[in-house]
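In this text, residue positions in the sequence shown follow the working numbering: the first is 15, and each later residue adds one.
Cβ coordinates follow ideal geometry from the N, Cα and C atoms, glycine included.
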Amino acid sequence: MKRYLPIFLTLSLLIPNQLFAELKIPAIIADHMVLQQKQANPIWGWDAPGTEVTVTFGDQVKKAKAGNDGKWTVKLDPVDANADPATLKIDGSSSRVIKDVLVGEVWMCSGQSNMGWTVMGDWKWQVESLASNHPNLRLITVPRVGTQELQNDFKGEWKAATPETVKTFSAVGFYYGRYLHEILGVPVGLINNAWGGSAAEAWVKRESIDGDERFNTLTESWKNREAQLQSAEYKAKYETALAAWKTKVEEAKAAGKPLPRRPTSPEGMLGGNSRPGNIFAGMVHPTIGYGMKGVIWYQGESNASRAYEYGHLFPFMIEQWRKEWGQGDFPFYWVQLADFRAEVDEPGESQWAELRESQTKTLSLPSTGQAVIIDIGEGNDIHPKNKYDVAARLVRWALEKDYRIPNIVAQSPTYREMSIVGNKVTLHFDHVSGGLRTVDTSEVEGFAICGEDKKWVWADAKITGKDTVEVWSDAIAAPIAVRYAWAENPVCNVFSKDGLPMTPFRTDDFPMTTGPK
Numbered sequence: 015m016k017r018y019l020p021i022f023l024t025l026s027l028l029i030p031n032q033l034f035a036e037l038k039i040p041a042i043i044a045d046h047m048v049l050q051q052k053q054a055n056p057i058w059g060w061d062a063p064g065t066e067v068t069v070t071f072g073d074q075v076k077k078a079k080a081g082n083d084g085k086w087t088v089k090l091d092p093v094d095a096n097a098d099p100a101t102l103k104i105d106g107s108s109s110r111v112i113k114d115v116l117v118g119e120v121w122m123c124s125g126q127s128n129m130g131w132t133v134m135g136d137w138k139w140q141v142e143s144l145a146s147n148h149p150n151l152r153l154i155t156v157p158r159v160g161t162q163e164l165q166n167d168f169k170g171e172w173k174a175a176t177p178e179t180v181k182t183f184s185a186v187g188f189y190y191g192r193y194l195h196e197i198l199g200v201p202v203g204l205i206n207n208a209w210g211g212s213a214a215e216a217w218v219k220r221e222s223i224d225g226d227e228r229f230n231t232l233t234e235s236w237k238n239r240e241a242q243l244q245s246a247e248y249k250a251k252y253e254t255a256l257a258a259w260k261t262k263v264e265e266a267k268a269a270g271k272p273l274p275r276r277p278t279s280p281e282g283m284l285g286g287n288s289r290p291g292n293i294f295a296g297m298v299h300p301t302i303g304y305g306m307k308g309v310i311w312y313q314g315e316s317n318a319s320r321a322y323e324y325g326h327l328f329p330f331m332i333e334q335w336r337k338e339w340g341q342g343d344f345p346f347y348w349v350q351l352a353d354f355r356a357e358v359d360e361p362g363e364s365q366w367a368e369l370r371e372s373q374t375k376t377l378s379l380p381s382t383g384q385a386v387i388i389d390i391g392e393g394n395d396i397h398p399k400n401k402y403d404v405a406a407r408l409v410r411w412a413l414e415k416d417y418r419i420p421n422i423v424a425q426s427p428t429y430r431e432m433s434i435v436g437n438k439v440t441l442h443f444d445h446v447s448g449g450l451r452t453v454d455t456s457e458v459e460g461f462a463i464c465g466e467d468k469k470w471v472w473a474d475a476k477i478t479g480k481d482t483v484e485v486w487s488d489a490i491a492a493p494i495a496v497r498y499a500w501a502e503n504p505v506c507n508v509f510s511k512d513g514l515p516m517t518p519f520r521t522d523d524f525p526m527t528t529g530p531k
């Protein structure tokens with residue numbers, strides 16, 4: 015029997031409906047959920063093949079028949095936002111009643127640890143949690159599951175926002191959702207599926223990333239690693255390391271010393287948050303199709319050493335998600351990497367600056383937006399504790415672009431073009447709104463300049479107009495390029511008069527340090 019057990023388990027995951035002839039509904043469709051307003055919302059589940067299923071919501075009655083794989087799907091007609099709790103009834107081989115259903119705005123909160131960072135990890139968490147009793151703001155978290163097998167469901171439940179439930183929810187996500195809830199006056203649903211330390215490739219369907227030659231180096235590297243991790247030799251090495259670890263644990267306990275870290279098993283690495291496709295299959299796939307307004311995203315730290323590749327991978331991921339969801343170019347707004355690590359004495363190259371550039375270039379996709387937070391990071395902590403201002407800059411995009419709130423400006427000043435006269439470079443910017451200004455000091459800081467030798471020096475600069483900055487250095491007689499905030503933790507202080515920091519940029523196209531070797 016044991017030799018057939020893995021096959022049985024696999025089949026039970028892929029076709030549970032053929033094994034269990036009963037109505038089954040995914041966790042995302044449950045009590046206290048929020049449906050996206052003004053859009054046709056899919057409702058789905060599983061039942062015995064051929065079973066006719068009826069879904070009733072208000073005066074809507076929709077019917078579907080379970081297919082050979084047991085799955086059925088209906089689409090509800092679009093309805094306006096409604097804070098009055100409603101019921102959704104599903105009748106098949108058995109019946110289910112989904113209670114306390116609201117209609118409003120639904121957003122997904124994705125990325126790595128800075129998105130997953132909880133309200134309780136924010137500087138102001140005591141005050142913010144106390145101000146978080148919002149019955150019509152609903153939260154659901156997808157558990158961290160890394161796998162190559164496409165999952166159809168997860169263990170989780172919708173909960174109303176209370177001082178207790180918000181503590182362990184994404185801080186950026188919650189603040190973002192609370193802004194929308196209070197400003198728009200409609201129910202809001204938030205789906206949190208962030209996973210700390212995750213790489214972008216784990217968020218893309220494995221089949222898609224394997225089929226794109228731009229990522230051949232990445233996928234070939236992982237195929238080799240997978241073969242190694244699954245080899246008998248590697249498993250034997252792990253067992254040896256595990257035995258040694260157990261001995262060290264006993265020695266540490268006896269000596270009253272900190273316990274050593276347990277070695278990661280091959281299964282742990284294969285089921286981790288970096289393997290291409292793992293998070294897509296385990297955490298994204300179970301939610302695909304659920305009606306939502308859009309996605310907010312905070313990730314990139316794990317891909318900084320491969321910033322050049324990220325310039326292709328990140329927009330590819332967004333395009334693939336939109337394709338999978340099948341609801342058009344839904345809004346996708348992200349947080350650019352914050353300032354981090356030590357400040358540098360001399361200007362030069364930076365992997366994090368290159369990653370930020372790859373993020374900025376992704377704005378070429380429709381319905382995208384970027385929150386620049388180059389001013390609110392922490393040099394000694396990759397997890398800045400001020401998540402409130404991060405969410406405030408993110409939500410500007412939704413308020414301006416999606417909800418058309420007057421007098422809201424979302425985009426930070428961005429470099430447009432330059433002109434050179436003598437030893438001075440005049441830079442022109444878009445999205446300056448009321449104009450440019452400095453913060454903290456009157457002197458303009460953060461610019462570097464170079465000549466034909468491509469040796470960078472700090473530059474003098476001054477704001478010369480509403481959308482122009484003049485840059486020069488007495489050490490560079492014939493400048494060819496300028497950079498701004500080009501470092502892991504740059505000292506920079508140019509903002510729009512709307513309070514948005516200038517987007518880090520470079521005018522040159524010199525080869526990226528993270529580019530192909």
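In this structure, the CA atom of alanine 499 is about 18 Å from the CA atom of proline 525. If you keep only unbroken beta strand (DSSP E) runs of at least 3 residues inside the stretch 366-398, you get 382-385. Annotation: the continuous beta strand (DSSP E) that includes tryptophan 121 extends over 109-125. For methionine 516, no alpha helix (DSSP H) segment is defined, and its DSSP state is neither H nor E. Here aspartate 343 has Arg336, Pro380 and Ser381 as same chain residues with Cβ atoms under 7 Å from its own Cβ, once five neighbours each way along the sequence are excluded. Straight through space, the alpha carbons of tyrosine 252 and glutamine 244 are spaced by roughly 11 Å. Taken atom to atom, the span from the alpha-carbon of glycine 383 to that of threonine 261 is near 52 Å.
Counted as a single uninterrupted DSSP element, the alpha helix (DSSP H) harbouring lysine 337 occupies residues 321-339. No Cβ-Cβ contact shorter than 8 Å links serine 212 with tryptophan 131.
The stretch 390-405 makes no contact with the stretch 432-450, as fewer than three CB pairs between them are under 8 Å.
Just measuring C-alpha positions, the residue of Val186, Glu178 and Val446 sitting nearest cysteine 123 is Val186. One thing to note: tryptophan 236 has its Cβ within 8 Å of the Cβ of proline 290. Considering only Ala475, Asp481, Leu450 and Ala491, the residue with the shortest C-alpha distance to lysine 468 is Ala491. For the set Gly160, Phe188 and Ile293, the Cα lying nearest the Cα of lysine 173 is the one of Phe188. In the displayed model, phenylalanine 294 falls within a helix according to three-state DSSP. Annotated as proximal: tryptophan 217 and methionine 331, with beta-carbon spacing under 8 Å. The beta-bridge partner set that DSSP reports for serine 510 consists of Leu450. Aspartate 353 and proline 157 have their alpha carbons spaced roughly 29 Å apart. Shortest Cα-Cα distance from glutamate 178 to any of Ile205, Arg418, Ala295 and Gln140 involves Gln140. Annotation: the continuous alpha helix (DSSP H) that includes valine 263 extends over 246-269. The alpha-carbon of asparagine 400 is positioned some 35 Å away from that of proline 40.
Exclusion of the five residues before and after histidine 299 leaves Leu164 and Gln165 as the residues of its chain whose Cβ lies within less than 6 Å of its Cβ. In the DSSP assignment, lysine 77 falls within the beta strand (DSSP E) that extends over 74-79.
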